[in-house]
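I have placed the structure first, in the form of structure tokens, so that the comments after it can refer back to it.
Spelled out as structure tokens, the structure:
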């Protein structure tokens, strides 16, 4: 008898089950929203602020409207709330990419660029789920209004907690965005049918079958979008980002959150596909004693792979935080660990803090145009890199920014921060104009200034495996930094410094095998609302 009472005490009533599922689904969709919008708008604080704000506003409006209509609450009403939610989720995963790409072109201030997409895609289903709690409170067996409301919101919060952890730790690492949408859409349909049983009518049946068909079509097709990047050979959601490997025109490209990160010529794996990677060799003109190199950020391992090929005496260590990126590099980009290539799967700052190894060259290749780990930009981090460099060591940072104008704030703040630690800082633009581009910042512990002419002379005299006359010609020194801050652990406003770049063209020059700087070898991508 006691066992029977115990089981009945934990068994959820239908209204309670509805509240629990609404909590799971709303929180799961909120986390999923971050993954869906990142390829178009990035994952800055502005994007996440928009997501959180839209979900809270939609839930609040749903609570308000549901409370006003609570006198009409019924089990049937809850059924149709979940059917409508499932229908919208089905449309979301089928057409989500299309609407994201369309809203990315809206002329809005950069901080609010993601707001229309988040509102359009996630506002309606979240608003519908907001109806569930007041309806459930009305349908509960509690006679005390306060007790009924408190119990309902407690059950909903437990659902939200489970939805958050399940989506974060189970669904995203294991499934694609479309498949996760399929899970939540299917959960909503299943809940509707459970609430309707045993009297599932023809309307509920027809709608449920139709929604399931749309969900399956979306899962099979991957949704409808405007992606013309090429043939996808691998796609997954990692714990850190969306990852896609695409083949097009004899080139294999690694996309992280929709943005190109590394590329490899399938016929000539050590050729520099993206022109900016050739600048990785500039430190060999500043020092003739580079034997041990550390890359912070692996990606497709373009730099490490070329270094190993061109410099037989060099040993390369690579720190990459995302284990899936390492696995993909090994399987799709011809990367093999060896006595000369060591890979560490951890954060770059964590590695530098824990290692006793010193280096001749540290390459920071973990910055992206839409996401920069602020902890790898600060003066405290730069001091840590200096401590891990030999007496004549060199720091190389691949920064994405503009060299001048409003969009240059992040680059100039980083330049100023590095210059606080290193006595000499040089930079090299890769597109030669004011557009957003890869800017290579090179800092030395040697206080002697090396001029552009001296670098050109060394380029002619030294055999470093690559001719860098064009690269050295973009030499810059002594940048204006009075209007930008030094980045510190307790204040590194990276997002606001990068904000002026949004909406501007990001230019990546692609190398041509015969003439690297041919004008028709430019590949451009648009920086959209992040």
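Residue numbers (this note's numbering): 369 to 898.
Each residue gets a CB set at the ideal place from its N, CA and C atoms; glycine is no exception.
Predicted model, so just to flag it, every value in this text is computed and none were measured.
- prompt: If we count Cβ pairs, one from each stretch, closer than 8 Å, do we get three or more for the stretch 612 to 620 versus the stretch 721 to 738?
  reply: no
- request: On the DSSP bridge assignment, give the partners of residue 628 in chain order.
  value: 623
field: Integer Cβ distance of residue 394 from residue 427, believed to fall under 8 Å
entry: 7 Å
- prompt: Where DSSP assigns a beta bridge to residue 687, which residues make up the other side?
  reply: 664, 712
- request: Kindly list the residues whose CB is nearer than 7 Å to the CB of residue 781, restricted to its own chain and excluding five residues on each side of it in sequence; keep chain order.
  value: 852, 853, 855, 865
message: For residue 745 and residue 862, which I take to be in contact (beta-carbon distance under 8 Å), what is that distance rounded to the nearest angstrom?
response: 6 Å
- prompt: Is residue 734 closer than 8 Å to residue 563 when the C-beta atoms are compared?
  reply: no
Cα-Cα separation between residue 454 and residue 553, rounded to whole angstroms: 5 Å
field: With 16 other Cβ atoms within 10 Å as the buried cut-off, status of residue 885
entry: Reliability fails at residue 885, whose pLDDT of 37 lies under 50, so the model's placement of it is uncertain and the value that follows must be treated cautiously. Classification for residue 885: exposed.
task: State the Cα-Cα distance for the pair residue 391 and residue 605, rounded to the nearest angstrom.
output: 23 Å
query: Whose C-alpha, out of 502, 741, 832, 757, is nearest the C-alpha of residue 768?
result: 741
task: Look at the alpha carbon of residue 683 and the alpha carbon of residue 695, and state the distance between them as a whole number of angstroms.
output: 20 Å
- prompt: In chain order, which continuous runs of the alpha helix (DSSP H) of length 4 or greater are located wholly inside the stretch 568 to 608?
  reply: 570 to 589
query: Do you know offhand how far residue 549's Cα is from residue 836's?
result: 49 Å
Rounded separation between residue 469 and residue 647 - CA only: 33 Å
- prompt: Between which two residues does the beta strand (DSSP E) containing residue 552 stretch?
  reply: Taken as a continuous stretch (DSSP letters only), residue 552 belongs to no beta strand (DSSP E), being part of the alpha helix (DSSP H) at 545 to 564.
field: Residue nearest to residue 524 in terms of C-alpha spacing, selected from 459, 505, 538
entry: 505
query: Taking three-plus beta-carbon pairs below 8 Å as touching, is the stretch 434 to 452 in contact with the stretch 538 to 545?
result: no
message: Taking a contact to mean a Cβ-Cβ separation below 8 Å, would you say residue 635 touches residue 641 in this structure?
response: no
field: Extent of the continuous alpha helix (DSSP H) to which residue 836 belongs
entry: Residue 836 -> no alpha helix (DSSP H), and no H or E assigned at all.
field: Under the three-state DSSP convention, the category residue 517 falls into
entry: helix
message: Going residue by residue through the stretch 697 to 767, where are the continuous alpha helix (DSSP H) segments of at least 4 residues, counting only ones entirely within it?
response: 716 to 722, 747 to 755
- request: Pull up the distance between the alpha-carbon of residue 668 and that of residue 444, whole angstroms please.
  value: 53 Å
message: Restricting to Cα atoms, I'd like to know which of 459, 702, 515 is closest to residue 488.
response: 459
query: Helix, strand or coil: which one does DSSP assign to residue 679?
result: coil
- prompt: Taking Cβ positions, are residue 447 and residue 496 nearer each other than 8 Å?
  reply: no
- request: Under the assumption that residue 809 contacts residue 793 (Cβ atoms under 8 Å), give the Cβ distance between them as a whole number of angstroms.
  value: 7 Å
message: Taking a contact to mean a Cβ-Cβ separation below 8 Å, would you say residue 762 touches residue 812 in this structure?
response: yes
message: Distance check for residue 850 and residue 654, CA to CA, integer angstroms please.
response: 27 Å
message: Using CA atoms only, rank isn't needed, just tell me which of 676, 528, 651, 737 is closest to residue 760.
response: 651
task: Give every residue of the same chain whose Cβ lies closer than 6 Å to the Cβ of residue 674, excluding the five residues on either side of it in the sequence, and list them in chain order.
output: 638
task: Check the C-beta distance from residue 611 over to residue 693 and give it rounded, since I have them as a contact under 8 Å.
output: 7 Å
Length of the line joining the Cα atoms of residue 529 and residue 389: 11 Å
query: Is residue 875 buried or exposed, if buried means 16 or more other CB atoms sit within 10 Å of its CB?
result: buried
- request: Please look up how many angstroms separate the CB atoms of residue 726 and residue 756, rounded, as I've assumed it's under 8 Å.
  value: 6 Å
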